[in-house]
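Per this note's numbering, the very first residue in the sequence shown carries number 407; after that it's consecutive. Think of the CB as a built atom: it goes at the ideal place given N, C-alpha and C, for glycine as much as any other residue.
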Amino acid sequence: MLSNVMESLTIASSKTNFSDLPFEIRKMIWLYCIPSRAIELEVPPDQRLPSHSATCISWTTHQNSRPPVVTRICRESRQVVLKDCGGPIDHNEARPSTEYKVTKMPWFCPGRDIISWSSLSCTLPYGPKALGDHSYFISYSLQARDVVVPGELIFPFRYLMPPKEMFNFKPNFSRTESDGFRVLNDFMVCLQIVTLHMSPEEALNSTISGRTGDSLVHLVDVYDSAQIKKISGEVKSQDANTELIFDRLLQTETLHHEVDVWKEHAKLNWICRMFENYHANRSDQQFEHDRRMNLPSRELECFVRHPQDTSPGEVDHDRWFKSYVNHNPPRFDRFMFDMSIPWVQWAYNDVPNFRPVIMFRLCVRNCAQLRSTSFRQEMYSGRYPPEYQKGPMRCQYEAMWKLEEPEEKAMVAESRKTLKRL
């Protein structure tokens, strides 16, 4: 509709000033410029990046939590956006973690933005720590256009992992978290984070940054080969790990096969975790109820040998499940669930719909300069609480954040140019 209006205005007069347009049309233009962003209520750990030694993931988190650039064009644009496109949310009181405070009051537009669950509890060699009750995530997620969760929380997707990142870990979501996921019976799963380094000028002309250059996190369906190829064609040479990821993303047939296998294994892993949580704290009455309902009393009773498993010898179920609990991911190519058990049939139907995506994060900073010292790396990543930021190192901390000012002015100036071209 907006494109038709603008085309009519162009035909009528090529010299129409923006201020001379009716307010209704100006409002449509302001709203058209509002991006759909991935809002992270927590700062994801830098180590999730395949090239974490050369970039700082928290910068895009901070930028994406700020008000849209359109709010800084003029008074009218700010009033329109504040009235119709959400506003800052203060969720610090409900947040159980005091370590990640970069997103103090993120801007959230219900129905337009995507909520990203970035740092949920996960048993990894480097953290992050369990955040405890996160019911506040659920409340915002139900208002969002969509939800994306980290893939390692569901099941690792090793096809896109660089060799040095292929460590073993197991998802460790609590019963509270699994209940929260059951509320969201359909959500996106981020299989891999890819950081793209560009200059501000290149970023504003790219597919990823949105219409006004302030949408720095872009989610692409892993089956959308055309969009992945388009992004690959826009970026220049990146670091070795990013190039490796793009090479594998462009191998469409192999990628789709690996994703299909991942989806099946993720479903099986989900059911295993549901069963493990279900058996964690049961009373004698619950055991008796399960017996009457023909539910399996032990985890091993759910499994049978996979028909494609041709390895000799008997299957050692006890050893397999012990290995599953202690060393994820399990080998689901040897075992499958017994579909004759009613509980297994119910569990299959209760598994959410996983929609795998790739997260592209746009970095327009000189990361090597920002991370030149250990202190800058730790401080800028948001690992120190606000109390420390006000201590003796406050001057260095403030000087580092002031690096944003020239880029912010450049973004506003480019946004004004973009609006003139509309």
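Cβ-based neighbour list, residue i, same chain, cut-off 7 Å, excluding 5 preceding and 5 following
{"i": "Leu590", "result": "Ser547, Val553, Pro758"}
{"i": "Arg472", "result": "Trp513"}
{"i": "Glu830", "result": "What is shown of the chain runs 407 to 828, which leaves residue 830 out entirely."}
{"i": "Lys433", "result": "Val486"}
{"i": "Met594", "result": "Asp552, Val553, Val554, Leu625, Arg761, Val763"}
Residue i versus residue j: straight-line alpha-carbon distance, rounded
{"i": "His624", "j": "Trp752", "result": "35 Å"}
{"i": "Ser483", "j": "Ser522", "result": "27 Å"}
{"i": "Leu661", "j": "Arg654", "result": "7 Å"}
{"i": "Asp592", "j": "Met680", "result": "17 Å"}
{"i": "Ser612", "j": "Ile431", "result": "26 Å"}
{"i": "Pro494", "j": "Pro516", "result": "11 Å"}
{"i": "Phe561", "j": "Trp676", "result": "8 Å"}
{"i": "Val600", "j": "Ile634", "result": "12 Å"}
{"i": "Pro606", "j": "Val770", "result": "6 Å"}
{"i": "Ile435", "j": "Leu559", "result": "40 Å"}
{"i": "Phe514", "j": "Trp749", "result": "40 Å"}
{"i": "Ala646", "j": "Ser631", "result": "21 Å"}
{"i": "Glu608", "j": "Glu640", "result": "9 Å"}
{"i": "Met511", "j": "Val555", "result": "21 Å"}
{"i": "Asp426", "j": "Gln549", "result": "36 Å"}
{"i": "His663", "j": "Cys439", "result": "37 Å"}
Helix, strand or coil at residue i according to DSSP, with G and I counted as helix
{"i": "Ser483", "result": "helix"}
{"i": "Glu499", "result": "Model confidence at Glu499 stands at a pLDDT of 46, short of 50, so the residue's coordinates are unreliable; what they give is reported in the following sentence. Correct three-state label for Glu499: helix."}
{"i": "Pro748", "result": "helix"}
{"i": "Ala550", "result": "coil"}
{"i": "Gln657", "result": "coil"}
{"i": "Met680", "result": "helix"}
{"i": "Val770", "result": "coil"}
{"i": "Tyr786", "result": "Residue confidence is low: Tyr786 scores 40 on pLDDT, short of 50, so the model does not pin down where it sits. No coordinate-derived value is stated."}
{"i": "Val763", "result": "strand"}
{"i": "Thr648", "result": "helix"}
{"i": "Phe561", "result": "coil"}
{"i": "Val628", "result": "coil"}
{"i": "Trp513", "result": "strand"}
{"i": "Leu566", "result": "helix"}
{"i": "Asp756", "result": "helix"}
{"i": "Pro494", "result": "strand"}
{"i": "Ile544", "result": "helix"}
{"i": "Thr601", "result": "strand"}
{"i": "Ile431", "result": "helix"}
{"i": "Pro606", "result": "helix"}
{"i": "Asp426", "result": "helix"}
{"i": "Asp666", "result": "helix"}
{"i": "Val476", "result": "helix"}
{"i": "Ile614", "result": "coil"}
{"i": "Ser638", "result": "helix"}
Classification of residue i by the beta-carbon crowding that lies within 10 angstroms, buried from 16 upward
{"i": "Leu602", "result": "buried"}
{"i": "Met745", "result": "exposed"}
{"i": "Lys642", "result": "exposed"}
{"i": "Phe424", "result": "exposed"}
{"i": "Tyr649", "result": "Correcting the residue identity first, residue 649 is Glu in this sequence and not Tyr. Flag for Glu649 reads exposed."}
{"i": "Ser834", "result": "Nothing can be reported for residue 834, as the shown portion of the chain is limited to 407 through 828."}
{"i": "Asp620", "result": "buried"}
{"i": "Thr422", "result": "exposed"}
{"i": "Leu477", "result": "One detail in the question is off: residue 477 reads as Thr in this sequence, not Leu. Answer is buried; the Cβ neighbour count reaches 16."}
{"i": "Leu360", "result": "An answer regarding residue 360 cannot be provided, because it is not within the stretch 407 to 828 covered by the chain."}
{"i": "Leu656", "result": "exposed"}
Cutoff 6 Å; reference residue i; Cβ partners in own chain excluding five residues on either side
{"i": "Gln469", "result": "Leu622"}
{"i": "Arg443", "result": "Asn470, Asp519, Ser621"}
{"i": "Ile614", "result": "His624, Phe766, Leu768"}
{"i": "Gln832", "result": "No answer is possible for residue 832: the residues shown for the chain start at 407 and end at 828."}
{"i": "Phe652", "result": "Ser638"}
{"i": "Tyr754", "result": "none"}
Contact set for residue i: own chain, Cβ-Cβ below 8 Å, skip 5 residues either direction
{"i": "Leu597", "result": "Gly557, Phe563, Leu566, Val628, Val665, Trp668, Pro762, Val763, Ile764"}
{"i": "Met604", "result": "Ser612, Val641, Lys642, Leu768, Cys769, Val770"}
Residue j beta carbon less than 9 Å from that of residue i
{"i": "Cys480", "j": "Leu437", "result": "no"}
{"i": "Ile637", "j": "Asp519", "result": "no"}
{"i": "Thr466", "j": "Leu768", "result": "yes"}
{"i": "Ala672", "j": "Phe760", "result": "yes"}
{"i": "Phe766", "j": "Val626", "result": "yes"}
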